[in-house]
Structures are given as C-alpha cells and as structure tokens.
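Numbering (mature numbering (1 follows the signal peptide of the UniProt record, and there is no 0)), first residue to last: -19 to -1, 1 to 243. Heads up: the structure comes next, in structure tokens.
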Amino acid sequence: MKLLSTTIILSFFLNCALAQSLRRSLMGQQYNYQVVGDPETSNIKRNKPAGYSITFTNHWTEKNHPYNYPSKDPHWSDFVYASHSRNYKMWRGRGIASKGIENIAEEGVTKDLVREINSKIKEETVLDQVMGAWIRKATEGATSSPKEDLCVDKSHPFVSGIGMIAPSPDWFSGLYKLRLFDRETRFWYQKIEVNVYAWDAGTEGGNDYSFNNDPKNENILPFKAGSTEDAVFVSVDKDNNNLQVLPVGTLTFELQESSKCG
C-alpha cells in the first residue's frame, strides 16, 4: 500500500512537471503565426524544387496598436528570409537571440544575420536566403517583397523570417519554421497566408518605442494582452470589450515558376 501511494505521488509530480514543460514550450509557439483561411495546394510534389514569392503587408498602425504609437517615422527595417531544414533555427519563441537577431531587432542591421545564414548554407541546413526592402512609412497595407524568389526543396521545406519594428528597443516581427507543403498530400502549397505578431528580442530594456536602453540577456517573448490597455501593441476588442494583441503584419507565400530554383 505504501509503495502504491509513493508511485501515485511520483506520477502526480511527473505529470505536473510535464504539463508545466509543455506550457512553456507552447508559450512562444502559439504566437508564432496564425494561418489565414485555407492554404491552396498545388499539383507539384514536394520532391521537386520550387520557388516562392514573399509579400509582407503591414498592419502595425495607430488604429490597430494605439498605445503610444510613434508619431514620428514609424517604419520597418529590411526583411530577411531563409529556407531551411528542421535542424536550423533563425530564432524561436523562448530562445536566446543570436548576434544577428540582436542587431536586426535593435538597429535594423542585417549583415550579421546574413553572415550567420551563409555559414548555415555551407553546412547545408539552409538552402537559400532573400531580402525584402524596408517599409519607409508603416501605413496600413504598405508592402515589402524580395526581388527574387525563395528556393525550397525536399530537404529544406521550411521558411523563417524577421524584420525590425522601428523605432523600438529590440522589437520585431516575422515567423519561424513555417512548413510550405501540405503534410497529407506532400504537395507544395500554391499559396499560404499567415498573420504575424510583435516580439521582444530580449536584448534591450524598454517598455516604449525608444532605443539606446540598458542591455538585457533574456528570452525572446511575444507581446500579449495583460490586464490593461495601456501597453504597447494592446487594443480593445469593441465586440466583447476584451483586451487583444492584433497582428502587425501578414506574410503571403505564393508558388512561382522560378528559373532560379530549377
């Protein structure tokens, strides 16, 4: 009987620990991206290389994110995208920012991240990388698209990307490890759209749209609605009066007939 009680107690604590670990792992994942509608599937099998156009559409505006929205020069930095295997991590929720992620999140500087990606291309965990131009003025619907398609293949079917929200301490948006094929049919998506959200890189302090704050070394975390609307990226849902954090952008990936990608 004593042994049974001990086993039950141990099982209880193990289950609690597993549940806590799962909650921690899902904390960042659920804010990574939100698929818009139903993705369109192509008739091209995943074992054939393909190319995708990418369009980022801005929704970071004073209407959507009213608290202390910057009155002067709201814009986006250049965007960086990479296609990769499941073994590559450009960034991830609850992870620690690399030097490349820190520099783009704080200053909009892309060269260190591009250097990191190029080193992974040599290691064959990354296939391709492209850059989208900065958005000079963050008006609703403003867009950025790379001038060339992003190549994917059977071994590198995922895409990750990032761009700085500016001005800000170290805030950015993007996504990590989006799968560009239908898991059931194994065909590439013809088109997939996802909403993306605001993230804190954890490298600089500051609760407002300011910069040159004290350095930090914390986890990458999403902005979430708390108990007050007086917080960046938070707004009030007028239908039910709940606090919410709306997406700051939409990313659209469309399959192309690309000579670059073979």
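From the three backbone atoms N, C-alpha and C, an ideal C-beta is built for every residue, glycine too.
Best match in D151, F162, Q225 and D181 for proximity to R75 [C-alpha to C-alpha]: Nearest C-alpha to R75: D181.
DSSP bridge partner residues for K172 (one or two, in chain order): Answer is E21 and E235, bridged to K172.
Beta-ladder partner(s) of L224, from DSSP: In the DSSP output, where bridge partners are listed per residue, L224 has V217.
Residues that DSSP places opposite W65 in a beta bridge: First, the amino acid is wrong: residue 65 is His here, not Trp. H65 is bridged by DSSP to V107 and F139.
Buried versus exposed call for D109 [16 or more other C-beta atoms within 10 Å across all chains shown]: So D109 ends up on the buried side.
Sequence-distant residues of the same chain with beta carbon closer than 7 Å to A206, five excluded per side: In its chain, beyond the 5 residues on either side, V215, L224, Q225 and V226 have a beta carbon closer than 7 Å to the beta carbon of A206.
DSSP three-state assignment for K92, whether helix, strand or coil: Correct three-state label for K92: helix.
Distance between H137 and Q237 (C-alpha atoms, nearest Å): Distance between the alpha carbons of Q237 and H137 is about 17 Å.
Local conformation of I98 per DSSP, three classes: Helix at I98.
Same chain, Cβ closer than 6 Å to T233, neighbours up to 5 away in sequence not counted: Closer than 6 Å at the Cβ level, and outside the excluded window around T233, lie T36 and E174.
Counted within 10 angstroms of its Cβ, other Cβ atoms place K101 as buried (16 or more) or exposed: With a 10 Å radius around the Cβ and a threshold of 16 neighbouring Cβ atoms, K101 comes out buried.
Meets three-Cβ-pair contact criterion under 8 Å: the segment 50 to 69 and the segment 194 to 202: Verdict: no, contact absent.
For A31, the first and last residue of its enclosing beta strand (DSSP E): In the DSSP assignment, A31 falls within the beta strand (DSSP E) that extends over A31 to N39.
Test item: CB-CB of G183 and W41 under 9 Å: No, Cβ-Cβ distance for G183 and W41 is not below 9 Å.
Reduced DSSP secondary structure (H/G/I, E/B, other) of G113: Strand, per DSSP.
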